[in-house]
Amino acid sequence: MANDLSPILNYHLDTSHQRGKISGRTLNREEYPVPFKLYRSPKPFHLAHDLRLPNTSLGKSLDKHPLPKKPNMPGILAAICNLTAGISQVRRHHDGNVFHFRTVASAGALYPAEFYIALQNVSGMTDGLYHYCPLEHTLTQLRSGYVFGALSGTAPIVRFYLTSIFHRSAWKYGPRAYRYCLLDTGHMAENLLHAARIHGMPARIDYDFKDNAVNRFLAVDPDQEGCFAVIHSLGCSSQTDVDDTVPPLTGDLPLFSRAAPTAEPPEGLMTAHKATSSFARCPAPREASSSLQSTPLPAPALEGSVTTAIMKRRSSRNFIPIKANTKNLVDIISYLCHDTPPICSSALQVGFIASPNSGLTPGYHLIDRDNKSTMLMKSGDLMAASARVCLDQSWLQNAALHIVFTADLHALNNQCGPRAYRYAHLEAGRLGQRLYLAATSKNLGACGIGAFFDYEAAELLSLPFGNSLLYLVAVGPVRK
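Heads up: take any position in the sequence shown, counting from 1, add 188, and you land on the working numbering.
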């Protein structure tokens with residue numbers, strides 16, 4: 189451990205994979221995490237199953253859409269819950285076990301992210317705090333009353349919260365799982381942005397808040413589960429406080445944050461989480477570099493339904509090395525430049541490795557998301573080398589693109605403090621989910637990779653000191 193670095197940078201170094209030094213983990217089946225958080229509630233709020241989803245294209249789903257004059261709010265919330273965190277497919281195995289696929293991508297399909305809603309003055313709903321259970325498609329009320337205060341007026345207020353249960357990922361991935369918990373929460377945040385906006389609900393992501401106060405309001409056990417993102421929607425902003433004097437309905441709610449009877453998250457994971465809990469400010473927008481020759485990106489054409497893309501999204505490994513439709517790939521790349529500020533986009537750098545089958549110049553390209561252009565940084569066929577970096581998963585070299593998300597973790601830590609580590613990973617996950625949706629809408633496959641030889645990745649991409657690869661998403665034609 190490099191003791192002169194901050195705890196979060198030490199954590200990143202300690203959890204970096206090195207070739208020949210990855211020891212296999214023995215999985216304790218008795219500590220297998222429960223995949224759903226099931227509160228014991230006598231009267232859960234059953235959400236509608238016959239959802240009437242808007243026919244909005246993926247390309248327009250992040251635009252502002254009007255809320256109906258007389259909205260069916262329980263129906264809208266049912267649709268938002270289902271699209272954000274719901275079940276997209278049920279697979280029954282020969283041994284009788286049932287597996288539930290979700291609308292969000294997740295490392296190892298362990299799904300650590302959880303979804304909460306606080307609301308007040310919403311027609312058809314009782315004021316309070318709720319947790320969404322995708323298995324039953326229900327909302328469990330955790331607090332009942334004016335959670336935004338009795339003096340906050342009569343206009344409807346809705347706010348969403350995204351948390352992560354650490355043991356769900358740590359059971360398989362150990363201390364490195366903190367990275368995956370952040371990426372997976374970012375996946376869910378992107379789904380929520382689309383789901384809320386197509387229904388006319390505003391949605392603004394906030395990664396900065398007082399952890400202790402928010403976790404206490406959500407009635408979670410902070411040693412097992414923590415909030416990573418707050419999404420302000422109807423009638424609220426970061427300045428809208430909650431009234432945590434409204435008591436939880438029962439005193440045992442924190443117990444449900446535990447995903448296994450006796451398992452505890454690894455010490456290294458919790459050290460990282462506590463190190464990033466300090467309040468900070470998002471990085472200021474960086475100035476775009478103009479020293480390299482750039483290629484402008486056209487506006488993306490994504491006409492497929494966003495709701496269809498969300499429900500059909502899967503992780504694919506069966507890439508086939510054939511010529512890809514270059515325009516489709518460029519549309520996917522360009523869609524990464526379509527943002528919904530203010531989000532911590534400056535915490536992240538985005539690029540891609542193009543294969544000879546992509547129709548683009550083979551090599552590593554940077555994406556200037558502010559100016560919607562790309563710059564060739566390193567030429568040549570790098571796909572096989574990139575697959576070797578990703579723990580020698582050779583099937584990855586058959587993809588058309590490897591989109592890579594990197595960050596200058598040292599500079600972010602110095603500028604914003606350790607909480608910037610969350611910014612970078614949450615944003616990488618959020619944009620990674622966007623790639624999944626864009627690829628699905630183009631009938632292409634996608635697969636997110638969070639495990640790789642960290643130092644080899646930095647060498648392959650010629651990353652400056654302090655910069656690290658956080659996430660890679662492979663995209664390309666797949667065998668149907």
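Yeah, the Cβ is synthetic: ideal placement off N, Cα and C, and Gly gets one too.
Item	Value
Tell me whether the beta-carbon of serine 543 lies closer than 8 Å to the beta-carbon of alanine 587.	yes
Less than 8 Å between the CB atoms is what I'm expecting for glycine 316 and valine 335, so what's the real figure, rounded?	6 Å
Please state whether the Cβ-Cβ distance between glutamate 378 and arginine 610 is less than 8 Å.	no
Report the option in Tyr318, Pro344, His387, Leu226 whose CA atom is closest to the CA atom of serine 311.	Pro344
Measure the C-alpha to C-alpha separation of lysine 668 and glutamine 585 and round it to an integer number of angstroms.	18 Å
Please state whether DSSP places isoleucine 498 in a helix, a strand or coil.	helix
Can you check DSSP and say which residues form a bridge with proline 164?	Since the displayed the chain opens at 189 and closes at 668, residue 164 lies outside it and no answer follows.
Given a cut-off of 8 Å on the beta-carbon distance, is the pair phenylalanine 233 and glutamine 308 in contact?	no
Assign valine 286 to one of two classes, buried (16 or more other C-beta atoms within 10 Å of its C-beta) or exposed (fewer than that).	exposed
Is DSSP giving lysine 257 helix, strand or coil here?	coil
Return the bridge partner residues of cysteine 321 from the DSSP annotation.	Thr326
At which residues does the beta strand (DSSP E) containing asparagine 655 begin and terminate?	655 to 664
Which of the three DSSP states, helix, strand or coil, is assigned to serine 332?	strand
Using only the alpha-carbon positions, how far apart do isoleucine 510 and leucine 490 sit?	22 Å
Quick one: residues in its chain with C-beta nearer than 6 Å to the C-beta of leucine 226, no 5 flanking neighbours on either side, listed in chain order?	none
Would you mind sorting histidine 382 into buried or exposed? The rule is 16 or more other CB atoms within 10 Å of its CB.	buried
Once DSSP output is grouped into helix, strand and coil, what is the label at leucine 669?	It is not possible to answer for residue 669, since the shown part of the chain is limited to 189 through 668.
What would DSSP say about cysteine 269, mapped onto helix, strand or coil?	helix
Let me know the alpha helix (DSSP H) ranges lying completely inside the region 583 to 667, each 4 residues or longer, listed in chain order.	597 to 604, 608 to 629, 642 to 648
In the DSSP assignment, what residue or residues form a beta bridge with proline 484?	Ser561
Under 8 Å, with one C-beta from each stretch per pair, do the region 234 to 254 and the region 206 to 225 reach the 3-pair mark?	no
Let me know the secondary structure DSSP gives alanine 401 once reduced to three states.	helix
Drop a sphere of 10 angstroms on the beta-carbon of glutamine 427, count the other beta-carbons inside from all chains shown, and report buried for 16 or more, exposed for fewer.	exposed
Taking just the CA atoms, how far does leucine 564 sit from isoleucine 498?	32 Å
By a C-beta neighbour count over all protein chains shown, 10 Å radius and 16 as the cutoff for buried, is threonine 291 buried or exposed?	buried
Based on the DSSP output, what are the partners of alanine 306 in its beta bridges?	Leu317, Arg347
Measuring alpha carbon to alpha carbon, tell me which of Ser493, Ala612, Val577, Thr483 ends up nearest leucine 554.	Thr483
Going straight from the alpha carbon of serine 656 to that of glutamine 537, what length do you get?	10 Å
On the three-state DSSP scale, how would you describe tyrosine 199?	helix
Measuring CB to CB, does glycine 636 end up less than 8 Å from serine 493?	no
In angstroms, rounded to a whole number, what distance separates the CA positions of glycine 333 and tyrosine 368?	35 Å
So the candidates are Pro606, Tyr659, Ser574; which of them puts its Cα closest to the Cα of histidine 613?	Tyr659
With contact counted as at least three CB pairs below 8 Å, one residue from each stretch, are the region 567 to 580 and the region 421 to 438 in contact?	no
Mind pulling the alpha helix (DSSP H) runs of 4 or more residues that sit fully within the region 359 to 399?	365 to 386
Does glutamate 413 pass the burial test, meaning 16 or more other C-beta atoms within 10 Å, or should it be called exposed?	buried
On a CA-only basis, which of Ala293, Glu452, Asp202, His325 is nearest proline 175? Give me that one, please.	Nothing can be reported for residue 175: it is not among the residues displayed for the chain, which extend from 189 to 668.
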